[in-house]
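Start counting the sequence shown at 19; every next residue gets the next number (our numbering).
Here a beta-carbon is modelled for each residue, glycine too, at the ideal position from N, C-alpha and C.
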Amino acid sequence: MSLVISDLLHLTYLSLRGNPLRSALTTLGVFMGVAAVTATMQVGNISKAVIAKQLAERDAPQVTLFSGRHPVTRDRVQLQSEDIELLQKRLPQVQAISSYRGIWNRSEILFLDRAATPYQAAVSQEFLLTSGRSLLSGRFFTEADFANFRPVVVIDTVLAEKLFSDEDPIGERIYRDRKPYVVVGVIESKLEEGEEEPPGLLLMPLATYNALTGRDNVGALSLRPERIEDLTNLQEQAKVILEQRYPGYEFWTWSNVEDVIEQQQTLRWVSLSLLAVGGIALLVGGVGIANITIASVMERTPEIGLRRALGATRQDIMLQFILEAVLLSLVGGVGAIATVHGITVVVADTFALPYEFNRQTTVLALGSALLVGVGASFFPALRASKLDPVKALRAS
Numbered sequence: 019m020s021l022v023i024s025d026l027l028h029l030t031y032l033s034l035r036g037n038p039l040r041s042a043l044t045t046l047g048v049f050m051g052v053a054a055v056t057a058t059m060q061v062g063n064i065s066k067a068v069i070a071k072q073l074a075e076r077d078a079p080q081v082t083l084f085s086g087r088h089p090v091t092r093d094r095v096q097l098q099s100e101d102i103e104l105l106q107k108r109l110p111q112v113q114a115i116s117s118y119r120g121i122w123n124r125s126e127i128l129f130l131d132r133a134a135t136p137y138q139a140a141v142s143q144e145f146l147l148t149s150g151r152s153l154l155s156g157r158f159f160t161e162a163d164f165a166n167f168r169p170v171v172v173i174d175t176v177l178a179e180k181l182f183s184d185e186d187p188i189g190e191r192i193y194r195d196r197k198p199y200v201v202v203g204v205i206e207s208k209l210e211e212g213e214e215e216p217p218g219l220l221l222m223p224l225a226t227y228n229a230l231t232g233r234d235n236v237g238a239l240s241l242r243p244e245r246i247e248d249l250t251n252l253q254e255q256a257k258v259i260l261e262q263r264y265p266g267y268e269f270w271t272w273s274n275v276e277d278v279i280e281q282q283q284t285l286r287w288v289s290l291s292l293l294a295v296g297g298i299a300l301l302v303g304g305v306g307i308a309n310i311t312i313a314s315v316m317e318r319t320p321e322i323g324l325r326r327a328l329g330a331t332r333q334d335i336m337l338q339f340i341l342e343a344v345l346l347s348l349v350g351g352v353g354a355i356a357t358v359h360g361i362t363v364v365v366a367d368t369f370a371l372p373y374e375f376n377r378q379t380t381v382l383a384l385g386s387a388l389l390v391g392v393g394a395s396f397f398p399a400l401r402a403s404k405l406d407p408v409k410a411l412r413a414s
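Here you go:
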């Protein structure tokens, strides 16, 4: 007659309590394996969170193409609007392309008695699409601003705070190089590579800046891919297309997230290496469970024979040994997860790292522990269930 699950659990508990040292060593093996796996996944989760935070603090991932230079004559070829159309046709993975010209003589920006020296740039109408910045108040540049060369500017929140404090900057007139400009919009602030604090940003229409300086080209081009995974290929393909269009000229490209991509690649290899170490540790714990289960079967052969003679089924015998391994794996796994979680919280608080308890990580770690417990004990338990009752009783 088959035992009910409550009876099996009670017998399992009595068996484990009867061998405390063996149970403790088995639990320790599982604990170490699960702890290694959990720690590896926590390192991966924190690394992903750190990289996501870095990406959120910057402009959207993009490639910047600069004017070409001939390696022999040192002549330059300036990018034109036709190049934008060509790149849009040839690069289907591009989400948006905008023109951008940095204004390197960072003139002082004045409003009443307040002054600031932010980054300054002349941009096309697609700037918000390529940068990923949000418009917080007012408006961005319109086609009429470009067509009429209007002296209007858009500033970010840092510059707005420096010049206007809590006042509304929309419609106010500021001065750059003694020329008045009207503030028409405010956008969010972002960090540049290597910066800890944004210095502020002032944007003006590219057409207006070109009219003031006598230029007639589009400056540099910013290309935003559909996915960050396409960034490297996009960078190479865009350079090849322009070098084919302008034979003999070399074009320089730059990505605003090159350092982040390098970090991702490094962390990916580190995570894989740590995961391999954790897997080996978990495997060693499984081998320990298998060895101890085999030893338990050999020691309890007479008990198995007696229980079979009293009516226990092969399934009862098999389930008891598997339940013993599962309970030990469960205790070791839960202990490892709780310990690693506590240590991770302390480390994250100490070093100001982004960390949130991840249920998926917990389920995977605990599932791996239970899987190892069941897998390691299955064949010894199966062997125990197949013992002949008469021979098992004679073994006593």
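Item to check | Helix, strand or coil at G170 according to DSSP, with G and I counted as helix | outcome: The amino acid at residue 170 is misidentified as Gly; the sequence shows Val. DSSP places V170 in strand when its eight states are reduced to three.
Item to check | Unbroken stretches of the alpha helix (DSSP H), 4 residues or longer, contained in the region 93-130 | outcome: 99-108
Next on the checklist: Threshold first: 3 residues or longer. Then list the beta strand (DSSP E) segments lying entirely within the region 257-286, N to C.
Outcome noted: Fully enclosed beta strand (DSSP E) runs of no fewer than 3 residues occupy 271-273 of the region 257-286, in order along the chain.
Item to check | Nearest to S395 (by Cα), restricted to the options V352, A366, S314, R325 | outcome: S314
Checklist entry - What does a CB cutoff of less than 6 angstroms around V408 pick up in its chain, not counting 5 residues either side in sequence? => result So no residue of the chain qualifies.
Next on the checklist: By alpha-carbon positions, which one of A78, A387, I121 ends up nearest to I307?
Outcome noted: Considering only A78, A387, I121, the residue with the shortest C-alpha distance to I307 is A387.
Checklist entry - Would S291 pass as a contact of T148 if the rule is Cβ separation under 9 angstroms? => result no
Next on the checklist: With three or more C-beta pairs closer than 8 angstroms as the rule, is the region 78-96 touching the region 338-349?
Outcome noted: no
Next on the checklist: If I follow the unbroken beta strand (DSSP E) through L141, where does it start and stop?
Outcome noted: Per the sequence shown, the amino acid found at residue 141 is Val instead of Leu. Start and end: 137-141.
Next on the checklist: Excluding the 5 residues flanking S347 on each side, which residues of the same chain have their C-beta closer than 6 angstroms to its C-beta?
Outcome noted: Closer than 6 angstroms at Cβ, skipping near neighbours: V48, A387, L388, G391.
Item to check | C-beta atoms of G203 and V172 nearer than 9 angstroms | outcome: yes
Checklist entry - So Q80 and V236 are in contact, right, with Cβ under 8 angstroms, and what is the actual spacing, rounded? => result About 15 angstroms separates the two Cβ atoms, so there is no contact after all.
Item to check | Range of the contiguous beta strand (DSSP E) that encloses R242 | outcome: 238-243
Next on the checklist: Check for me: the alpha helix (DSSP H) holding G156 runs from which residue to which?
Outcome noted: No alpha helix (DSSP H) contains G156, which is instead part of the beta strand (DSSP E) from 153-156.
Checklist entry - Which full runs of the beta strand (DSSP E) of 3+ residues lie inside the region 182-215, going along the chain? => result 191-194, 197-205
Checklist entry - Are T44 and G350 closer than 9 angstroms when you measure CB to CB? => result yes
Next on the checklist: Helix, strand or coil, according to DSSP, for L220 in the structure here?
Outcome noted: strand
Item to check | Distance, R76 Cα to L249 Cα | outcome: 15 angstroms
Checklist entry - Relative to the C-alpha of Q282, which residue among E268, V381, I246 is closest? => result I246
Checklist entry - Around the Cβ of M19, are there at least 16 other Cβ atoms within 10 angstroms (buried) or fewer (exposed)? => result Its pLDDT being 43, under 50, M19 is placed unreliably in this model, and the coordinates cannot settle the point.
Next on the checklist: Using a 10 Å radius around the Cβ and a threshold of 16 neighbouring Cβ atoms, would you call E342 buried or exposed?
Outcome noted: buried
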